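K.L.:
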Amino acid sequence: MRLLNTETLKLQDFFDEGIPSYAILSHRWESDEVSYQDLEAGKNKDGAGYRKILRCCAKALDDGHDWVWIDTCCIDKKSSAELSEAINTMFNWYQSATLCYAYLSDVEPIVTEGPLSYPTFKDSLWFTRGWTLQELISPTEVLFLDRNWSEIGTRTSLANEITAATGIPGNAYKTLDSFSVAQKMSWASKRKTSRVEDIAYSLLGLFDVNMPMLYGEGKRAFIRLQEEIIKRSDDESIFVWS
Numbered sequence: 001m002r003l004l005n006t007e008t009l010k011l012q013d014f015f016d017e018g019i020p021s022y023a024i025l026s027h028r029w030e031s032d033e034v035s036y037q038d039l040e041a042g043k044n045k046d047g048a049g050y051r052k053i054l055r056c057c058a059k060a061l062d063d064g065h066d067w068v069w070i071d072t073c074c075i076d077k078k079s080s081a082e083l084s085e086a087i088n089t090m091f092n093w094y095q096s097a098t099l100c101y102a103y104l105s106d107v108e109p110i111v112t113e114g115p116l117s118y119p120t121f122k123d124s125l126w127f128t129r130g131w132t133l134q135e136l137i138s139p140t141e142v143l144f145l146d147r148n149w150s151e152i153g154t155r156t157s158l159a160n161e162i163t164a165a166t167g168i169p170g171n172a173y174k175t176l177d178s179f180s181v182a183q184k185m186s187w188a189s190k191r192k193t194s195r196v197e198d199i200a201y202s203l204l205g206l207f208d209v210n211m212p213m214l215y216g217e218g219k220r221a222f223i224r225l226q227e228e229i230i231k232r233s234d235d236e237s238i239f240v241w242s
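Taking full-length UniProt numbering, I'd label the letters of the sequence shown as residues 1 to 242.
1) Considering just the uninterrupted stretch of the alpha helix (DSSP H) at residue 247, what are its terminal residues?
2) Going by the beta-carbon positions, is the gap between R195 and V209 smaller than 9 Å?
3) Assuming F121 contacts E151 (C-beta within less than 8 Å), just tell me the rounded distance between them.
4) Can you name the start and end residues of the beta strand (DSSP E) that N154 belongs to?
5) Is the CB of G18 under 9 Å away from at least one CB in chain D?
6) With a cut-off of 8 Å, do at least 3 Cβ pairs link the stretch 3-11 to the stretch 51-65?
7) Is the beta carbon of T156 less than 9 Å from the beta carbon of E141?
8) Going by DSSP, what residue range makes up the beta strand (DSSP E) through A81?
9) Going by CA-CA distance only, name the one from A81, S117 and Q12 that's closest to D66.
10) May I ask which residues mark the beginning and end of the alpha helix (DSSP H) holding S186?
11) Straight-line CA distance for A48 to C73?
12) Alpha carbon to alpha carbon, how far is L61 from N148? Give it in angstroms, no decimals.
13) In chain order, which alpha helix (DSSP H) runs of at least 4 residues are fully inside the stretch 191-240?
14) Hey, is the stretch 86-102 in contact with the stretch 33-46, meaning 3+ C-beta pairs nearer than 8 Å?
15) Can you tell me whether residue 269 is helix, strand or coil according to DSSP?
16) Could you tell me the distance, in whole angstroms, from the CA atom of I199 to the CA atom of I87?
17) With F207 and I229 assumed to form a contact (beta carbons below 8 Å), what rounded beta-carbon distance in angstroms separates them?
18) Count the other CB atoms, across all protein chains shown, that sit within 10 Å of the CB of R129; report buried if there are 16 or more and exposed otherwise.
19) Mapping DSSP to helix, strand and coil, what is N5?
20) Give the range of the beta strand (DSSP E) segment to which D66 is assigned.
Printed below as a string of structure tokens:
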């Protein structure tokens, strides 16, 4: 696992028991994200993607986290082997993080005389993306941040609003295994991914399955996902989605 030092902005590889405690970022990818190669070479520092890394590291450091994992720059996506391993392990990485920051770049507060109000929270596009489903469910806790990196609230304190936005019951985070395959599929059914294969790949951790990444296979990826689920489960509700 490759982590980013929140003070030095240097990447470092860790293995198994040597992995330190870390925070992790959940966000929507936008047009100028900083890649692993960019960060290593000191390139692409002028856009919003680099500012996102800086603000994330500053927030994590301020909260006492020495290390953070950010998918855009902590995975060498030019390595198909590393990308495949990361996708198959990502659910566990979010689950093992001390804290997950969910950055909602499209949410701004309404300033009132009292506490800040976030009427557009449940309308954030973050709730519509395929990859953010596991990033919502798997962590121990999620801290939501607005576009200015101010705290909106936690998954616990915002439970009712999150259920309204996603249809996911508040007890799903601690009792995931008690929900049927069909119920889990329903949570993902209206979410979107940039690549059609990612509709399946983003659900691997949710169903506790592993399979190789074959970008270019199109909708066949979802069929392979169903086949892997059937191998591991006798839950016949999966056939609702066949």
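Quick reminder that beta carbons are idealized off the backbone N, C-alpha and C, glycines included. Note that the coordinates shown come from a computational prediction; the quantities given were computed from them, not determined experimentally.
P.N.:
In terms of the structure at hand:
1) Past the edges of the chain, shown from 1 to 242, lies residue 247, and the structure says nothing about it.
2) no
3) Contact flag wrong, Cβ pair sits at about 12 Å.
4) Strictly speaking, residue 154 in this sequence is Thr, with Asn absent from that position. Run containing T154: E151 to T154, per the beta strand (DSSP E) assignment.
5) Included in the structure is just one protein chain, with no chain D present.
6) yes
7) yes
8) From DSSP, A81 is part of no beta strand (DSSP E) but of the alpha helix (DSSP H) over S80 to S96.
9) Q12
10) V181 to A188
11) 14 Å
12) 16 Å
13) 198-201 and 220-232
14) no
15) The question about residue 269 has no answer, for the chain in this structure spans 1 to 242.
16) 12 Å
17) 5 Å
18) buried
19) strand
20) That residue, D66, is in no beta strand (DSSP E); it is neither H nor E in DSSP.
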